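In order, the protein sequence lines correspond to chains A and B. Letter 48 of the first sequence, counting from 1, is numbered 48 in full-length UniProt numbering, and no numbers are missing. Letter 50 of the second sequence, counting from 1, is numbered 50 in full-length UniProt numbering, and no numbers are missing. This report refers to the structure that appears directly beneath it.
Number of protein chains: 2
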Amino acid sequence: MKNNIHEQRKQMKLSQAELADLTQVTRQTINAIENNKYDPSLDLAFSIAHILKTPIEKLFIWEEPQND
Amino acid sequence: MKNNIHEQRKQMKLSQAELADLTQVTRQTINAIENNKYDPSLDLAFSIAHILKTPIEKLFIWEEPQND
DNA sequence: CTAATATGTCAAATATATTTTACATTTATA
DNA sequence: TATAAATGTAAAATATATTTGACATATTAG
Numbered sequence: 001m002k003n004n005i006h007e008q009r010k011q012m013k014l015s016q017a018e019l020a021d022l023t024q025v026t027r028q029t030i031n032a033i034e035n036n037k038y039d040p041s042l043d044l045a046f047s048i049a050h051i052l053k054t055p056i057e058k059l060f061i062w063e064e065p066q067n068d
Numbered sequence: 001m002k003n004n005i006h007e008q009r010k011q012m013k014l015s016q017a018e019l020a021d022l023t024q025v026t027r028q029t030i031n032a033i034e035n036n037k038y039d040p041s042l043d044l045a046f047s048i049a050h051i052l053k054t055p056i057e058k059l060f061i062w063e064e065p066q067n068d
């Protein structure tokens, strides 16, 4: 799943470390999520969306599975 | 975090097993989430919200951490 | 240019989510 | 009432997310 954390974080003029502090995770976690190493937990996703003042569906771009 | 999966699932007249099938997880996973044993992954949260035709912020009620 | 700040990354440990198999209990239906 | 369908639950295994500590590179500011 894609996300717009990098862009929104920049708009808020926050560093990865600052966003990490505000969301109570480590800098590495924010970095990994921005670089799509893995998706955040639902709780962290809500927390980031709240800090970045962006609706969760706009911050994270989910695509429903194609076939199967 | 609270959720309204049970209510919305009933409105759609789906069983836990049917919702599980539609979201490609097991019945036990849906049951555990409905009964607040743990929160779903972000991906599964989006998937459930999609199937239940409910915005994710309405389906899952996140509360920002109080103090610290 | 040089120091400070920000970002990328890695390995090992821990925490949390999900599956599988299995069985018990409750609720709906013939 | 009897049977089927739906739900609750549990333990063990696997997958994924997060932390910690550390180091390297890149970017910004003095």
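We treat Cβ as the ideally placed atom computed from N, Cα and C, and that holds for glycine. What you are looking at is a predicted structure, and each value in this text was computed from that prediction instead of being measured.
Using a Cβ-Cβ cut-off of 8 Å, state whether residue i counts as contacting chain B.
i             : result
H50 (chain A) : yes
L59 (chain A) : no
L42 (chain A) : yes
D21 (chain A) : no
Distance cutoff 8 Å, beta carbons only. Does residue i sit that close to anything in chain A?
i             : result
Q24 (chain B) : yes
M12 (chain B) : no
I56 (chain B) : yes
E7 (chain B)  : no
A32 (chain B) : no
A17 (chain B) : no
On the DSSP bridge assignment, give the partners of residue i in chain order.
i            : result
N3 (chain B) : B:F60
Segments assigned alpha helix (DSSP H), at least 4 residues, entirely inside the UniProt domain "HTH cro/C1-type" (5–59) of chain B = 5–11, 16–23, 27–34, 42–51, 56–59
At least three beta-carbon pairs within less than 8 Å, the region 37–50 of chain A to the region 38–51 of chain B = yes
Using 8 Å as the Cβ pair cut-off and three pairs as the minimum, do the region 47–62 of chain A and the region 5–25 of chain B touch?
-> no
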